[in-house]
């Protein structure tokens, strides 16, 4: 019987090391890679093509929701397990809407994570208690066909620029990360600000926090 290949994405190295040791102790699993950066995670996952991606929601450069979308676009067969500290159902719903198969809280047991990976690998959903399957399904059904939020109108590249800018990177730094010119970054930044109705850098950071794109600990920067 072939093993389930897994890629780990979390920006806390100690946690990744612990998760790797845990998962590699399971005979049915093989960990093929790990990463702590969102943009790099997408590159590595598309290169290695694991069966299951285990990812945190909050990662530098590109948050977990965008990571899910991009890896699913490049490899539709991959299954995604979100491992998060956030038990708020809004985070759960956003994760499911963006393509996650399972959602496990970091306070859960190792058995929960192992079960979630096995279930995701065969196309079934697993949610940690006390998260509600029924509420999640009902909410997803209710939101089908609803009007797009302003954030949903952004292109994938504009979303990347949004997060990197909210993290405090300037245009040349963002351009280097994304392999585009600072001028291109500036145009994309202007476009996303217009689409979101934002005027200042502080507005941008506040929006990113409210949308769960960057951690709430991030402090808005002055213009």
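Numbering (this note's numbering), first residue to last: 10 to 232.
We put the CB at the ideal spot given by N, CA and C, even for glycine.
Local conformation of residue i per DSSP, three classes
i, result
"residue 15", "strand"
"residue 43", "strand"
"residue 173", "helix"
"residue 230", "Low confidence applies here, because residue 230 scores a pLDDT of 44, under 50, leaving its location unreliable; read the following figure in that light. In this structure, residue 230 counts as coil in the three-state DSSP scheme."
According to DSSP, residues forming a beta bridge with residue i
i, result
"residue 91", "64 and 112"
"residue 216", "Paired residue(s): none; residue 216 is not in a bridge."
"residue 136", "112"
Straight-line Cα distance separating residue j from residue i
i, j, result
"residue 173", "residue 71", "8 Å"
"residue 165", "residue 119", "34 Å"
"residue 183", "residue 200", "15 Å"
"residue 114", "residue 35", "20 Å"
"residue 26", "residue 110", "23 Å"
"residue 185", "residue 127", "38 Å"
"residue 224", "residue 107", "19 Å"
"residue 94", "residue 19", "12 Å"
"residue 64", "residue 89", "7 Å"
"residue 69", "residue 221", "12 Å"
"residue 124", "residue 32", "11 Å"
"residue 132", "residue 86", "10 Å"
"residue 28", "residue 57", "19 Å"
"residue 17", "residue 30", "11 Å"
Exposed unless 16 or more other CB atoms sit within 10 angstroms - verdict on residue i
i, result
"residue 179", "exposed"
"residue 92", "buried"
"residue 138", "exposed"
"residue 158", "exposed"
"residue 198", "buried"
"residue 23", "exposed"
Nearest to residue i (by Cα), restricted to the options the options
i, options, result
"residue 67", "39, 84 and 100", "100"
"residue 75", "15, 59, 204 and 160", "160"
"residue 140", "79, 48, 170 and 98", "98"
"residue 14", "214, 42, 31 and 30", "42"
"residue 59", "12, 211, 104 and 46", "12"
"residue 205", "195, 217 and 181", "217"
Contact with chain C by residue i, beta-carbon distance below 8 Å
i, result
"residue 64", "Going by chain labels, chain C is absent from the structure shown, which holds only one protein chain."
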